[in-house]
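Undergrad: Residue numbers (my numbering), protein chains in the order written: chain A, 2 to 320; chain B, 50 to 318.
The beta-carbon is built from N, C-alpha and C at its ideal position, and this holds for glycine as well.
Here it is, the structure in full.
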């Protein structure tokens, strides 16, 4: 009798264990099924629409590939790259892109910090101002580019105001000297809100204690800014600068296509950027080989920038 | 101290005027009859809605508007679903090829879109995808950034929570939708808002892939309208700009808390 119960006990225990293993086994099986079913489409997408096209671009960049000529696309080595370096318009577009980045990113960081510092000092209507400064960032770049064209045209409202103030009217977008800075100004105007939000978050992370300590040491507001705020905002500044640069490279296409007088980087190519030129090479001149080589150079530039960011961001700061 | 505060407020108000003036002038011009657009009044003397009626009747703005909503919505839904799912799987499951997959997806982050438009265009022409909604949509259906972001948030969900649901007999799909997704909802809403915004404003790819006027999205449509049909008719161009800007500003004002929190959340991570 006692023997029997113990065996049946043992049996149920064994049954339980095997049942548990079976459930676990089932779970594992079910989990694998789940994982691979779910990953099927994403793998096809990332391989087919991101990775392979990237490799394909490198390939096209080494070939003589015109969209209009059918037939083989012979391998030409570095010929496209050499042609680009000798191409005055390409060099102009690179120089312009650097001007856009240097002035544009510096401008948006500067104004972003100023607005954030001003907002940090007040305690009423903060939300209200934040919304106003942020509005340009969410609006369509195309629409806003045409609004700026309208405001800044020869007989537009800004020139009317200048004349009423007794100042000479300006050609703005019609002038090869001014146009690029007008476009940079519009891009800064649109990005201030974004930078402001990043810097406000950065400012809120600075412990109040440090300012109190600086007060005890008798620091002036200027010293507090340079020796407490700026060093502690450093990671934010680097991050904003890199994000701003990559955004600028991409956003500048829309802005230049819609703001420049001829819609393609004029007057006299004074506002053309690398991306606008790539577009012209590929879809106006149909020279895909040359255009692909130019995108490879753009890729290398952005890659170098990203690596630089990672290096600077992972550096330890000593406060 | 008190005067310092006043100066701060004055500077902020001056800045606000610079921020808002282009919008005010845009709306003002759109409400003026053609003869009055060069007057300096901000409030139109002879207020009229004729420009809006003309733009809607004589051009395809309504169609472009609906196209933009369609494209941005479908892309956002797809990105939210797939990016969250892939992020969840990479964060919470161990399987063969997991780290290779993650590195592969991360590496796509370094490739700028500009580099992909040429192969995408060749691919679309070969497969007959140009000049269709699918052609505009397909490059944006998933994003490496979203997968990376959602993986970071999914990692914070305790494994015990998921295992408890498994023991209760929930299947893996319900665990994902009912347990994992609610935990990362704030990050998803930030991702959703930014995906919508960037697709709503996308210009380069739709410009290349679309030929028929009735398939254009709002930015492409507005660009062609302003340089073509409405050339130098600034009252019409500003009306088109108003139509494409104001709805988004209204949506933004309702969602601003989420959007601003979203930047801090995704930007500073």
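#1: What's the call for residue 144 (chain A), buried or exposed, on a 16-neighbour Cβ count within 10 Å?
#2: Between residue 293 (chain A) and chain B, is there a C-beta pair that is closer than 9 angstroms?
#3: Figure out for me which residue from A:97, A:293, A:42 and A:91 has the closest Cα to the Cα of residue 178 (chain A).
#4: Would you call the CB atoms of residue 274 (chain A) and residue 250 (chain A) closer than 9 angstroms?
#5: If distances are taken between C-alpha atoms only, which option among B:291, B:60 and B:310 comes closest to residue 123 (chain A)?
#6: Buried or exposed for residue 221 (chain A), please, with buried defined as at least 16 other CB atoms from any protein chain shown within 10 angstroms of its CB.
#7: Output yes if chain A places a C-beta closer than 9 angstroms to the C-beta of residue 230 (chain B); else output no.
#8: Do you know how far the Cα of residue 228 (chain B) is from the Cα of residue 210 (chain B)?
#9: Does DSSP put residue 287 (chain A) in a helix, a strand or coil?
#10: Can you name the residues of chain A whose CB is closer than 7 angstroms to the CB of residue 58 (chain B)?
#11: Please report the distance separating the alpha-carbon of residue 187 (chain A) from that of residue 30 (chain A).
#12: Which first and last residues belong to the alpha helix (DSSP H) in which residue 206 (chain A) is found?
#13: Any beta-carbon of chain B closer than 9 angstroms to the one on residue 28 (chain A)?
#14: Would you verify that the beta carbon of residue 67 (chain A) is, or is not, closer than 9 angstroms to some beta carbon of chain B?
#15: Expressed to the nearest angstrom, what Euclidean distance is found between the alpha-carbon atoms of residue 131 (chain B) and residue 250 (chain B)?
#16: Of all the options B:91, B:166, B:141 and B:260, which has the alpha carbon lying nearest to the alpha carbon of residue 208 (chain B)?
#17: Apart from the five residues just before and just after residue 317 (chain B), which ones in its own chain have a Cβ nearer than 6 angstroms to its Cβ?
#18: What is the C-beta distance between residue 244 (chain B) and residue 120 (chain B), in whole angstroms, given that I count them as a contact (C-beta under 8 angstroms)?
#19: Quick check on DSSP: helix, strand or coil for residue 125 (chain A)?
#20: For residue 220 (chain B), would you say it is in contact with chain A, using Cβ-to-Cβ distances shorter than 9 angstroms as the test?
#21: If you draw a straight line from the C-alpha of residue 297 (chain A) to the C-alpha of residue 248 (chain A), how long is it?
#22: Put residue 130 (chain A) into one of helix, strand or coil per three-state DSSP.
#23: Give me the subset of the segment 61-78 of chain B whose CB atoms are less than 9 angstroms from a CB atom of chain A, sorted by chain position.
#24: Please classify residue 319 (chain A): is it buried, with 16 or more other beta-carbons within 10 angstroms of its beta-carbon, or exposed?
#25: Only counting the same chain, and skipping five residues up and downstream in sequence, which positions put a Cβ closer than 8 angstroms to that of residue 238 (chain B)?
#26: At a CB-CB cut-off below 7 angstroms, which residues of chain B make contact with residue 307 (chain A)?
#27: At a CB distance below 7 angstroms, what residues from the segment 270-296 of chain A approach chain B? Give them in sequence order.
#28: Kindly list the residues whose CB is nearer than 6 angstroms to the CB of residue 242 (chain B), restricted to its own chain and excluding five residues on each side of it in sequence; keep chain order.
#29: What would DSSP say about residue 147 (chain B), mapped onto helix, strand or coil?
#30: Let me know if residue 116 (chain B) comes out buried or exposed under the rule of 16 or more other beta-carbons within 10 Å of its beta-carbon.
#31: What residue ranges within the segment 245-300 of chain A form continuous alpha helix (DSSP H) runs of no fewer than 4 residues, ordered along the chain?
#32: So residue 169 (chain B) is in the alpha helix (DSSP H); what residue range does that whole segment cover?
#33: Tell me whether residue 63 (chain A) sits in a helix, a strand or coil according to DSSP, three-state version.
#34: Under 8 angstroms, CB to CB, which of the residues in the segment 247-266 of chain A have a partner in chain B?
#35: Quick one: give me the first and last residue of the alpha helix (DSSP H) that residue 163 (chain A) is part of.
#36: In whole angstroms, give me the CA-to-CA distance for residue 176 (chain B) and residue 85 (chain A).
TA: Let me spell this out:
#1: Per the 10 Å Cβ criterion, buried.
#2: Yes, its Cβ sits closer than 9 angstroms to a Cβ of chain B.
#3: Taking only the C-alpha atoms, the option nearest residue 178 (chain A) is A:97.
#4: Yes, the Cβ-Cβ distance between residue 274 (chain A) and residue 250 (chain A) is below 9 angstroms.
#5: Of B:291, B:60 and B:310, the residue nearest in Cα terms is B:60.
#6: Residue 221 (chain A) should be labelled exposed.
#7: No, residue 230 (chain B) does not count as interfacial toward chain A.
#8: Their Cα atoms are separated by approximately 8 angstroms.
#9: It is coil, neither helix nor strand.
#10: Those within 7 angstroms of residue 58 (chain B) in chain A are 123.
#11: Rounded to whole angstroms, residue 187 (chain A) and residue 30 (chain A) show a C-alpha spacing of 57 angstroms.
#12: It is not in any alpha helix (DSSP H) - residue 206 (chain A) carries neither H nor E in the DSSP assignment.
#13: At least one chain B Cβ lies under 9 angstroms of residue 28 (chain A).
#14: No, residue 67 (chain A) does not count as interfacial toward chain B.
#15: Between residue 131 (chain B) and residue 250 (chain B), the alpha-carbon positions lie close to 22 angstroms from each other.
#16: Per the Cα distances, B:141.
#17: Confidence at residue 317 (chain B) is low in this model, with a pLDDT of 45, below 50, so the placement of that residue should be treated as unreliable; the coordinate-derived value is given next. Around residue 317 (chain B): no qualifying Cβ.
#18: Not a contact, Cβ separation roughly 11 angstroms.
#19: DSSP places residue 125 (chain A) in coil when its eight states are reduced to three.
#20: The C-beta of residue 220 (chain B) comes closer than 9 angstroms to at least one C-beta of chain A.
#21: When rounded, the distance between both Cα atoms is 18 angstroms.
#22: Three-state DSSP puts residue 130 (chain A) in a helix.
#23: Taken in chain order, the members of the segment 61-78 of chain B whose beta-carbon sits within less than 9 angstroms of a beta-carbon on chain A are 61, 62, 64, 65, 67, 68, 69, 70, 71, 72, 74, 75 and 78.
#24: Residue confidence is low: residue 319 (chain A) scores 47 on pLDDT, short of 50, so the model does not pin down where it sits. No coordinate-derived value is stated.
#25: The beta carbon of residue 238 (chain B) sits closer than 8 angstroms to the beta carbons of 307 and 311 from its chain, once the five residues preceding and following it are set aside; these are given in chain order.
#26: Within 7 angstroms of the CB of residue 307 (chain A), the CB atoms of chain B belong to 159, in sequence order along the chain.
#27: Sequence-ordered contacts of the segment 270-296 of chain A with chain B read 276, 279, 283, 284, 289, 292, 293 and 296 [C-beta pairs closer than 7 angstroms].
#28: 308 and 311.
#29: Residue 147 (chain B): helix per DSSP, three-state reduction.
#30: Buried, since its Cβ has 16 or more Cβ neighbours within 10 Å.
#31: Considered as a whole, the segment 245-300 of chain A harbours 275-284 as its complete alpha helix (DSSP H) runs of no fewer than 4 residues, in chain order.
#32: Taken as a continuous stretch (DSSP letters only), the alpha helix (DSSP H) holding residue 169 (chain B) covers 162-176.
#33: DSSP, reduced to helix, strand and coil, places residue 63 (chain A) outside both helices and strands of the structure shown, so it counts as coil.
#34: Residues of the segment 247-266 of chain A with a Cβ closer than 8 angstroms to any Cβ of chain B, in chain order: 247, 250, 251, 254, 255, 258, 259 and 264.
#35: Per DSSP, residue 163 (chain A) belongs to the alpha helix (DSSP H) from 158-165.
#36: Within the model, the alpha-carbon separation for residue 176 (chain B) versus residue 85 (chain A) is close to 31 angstroms.
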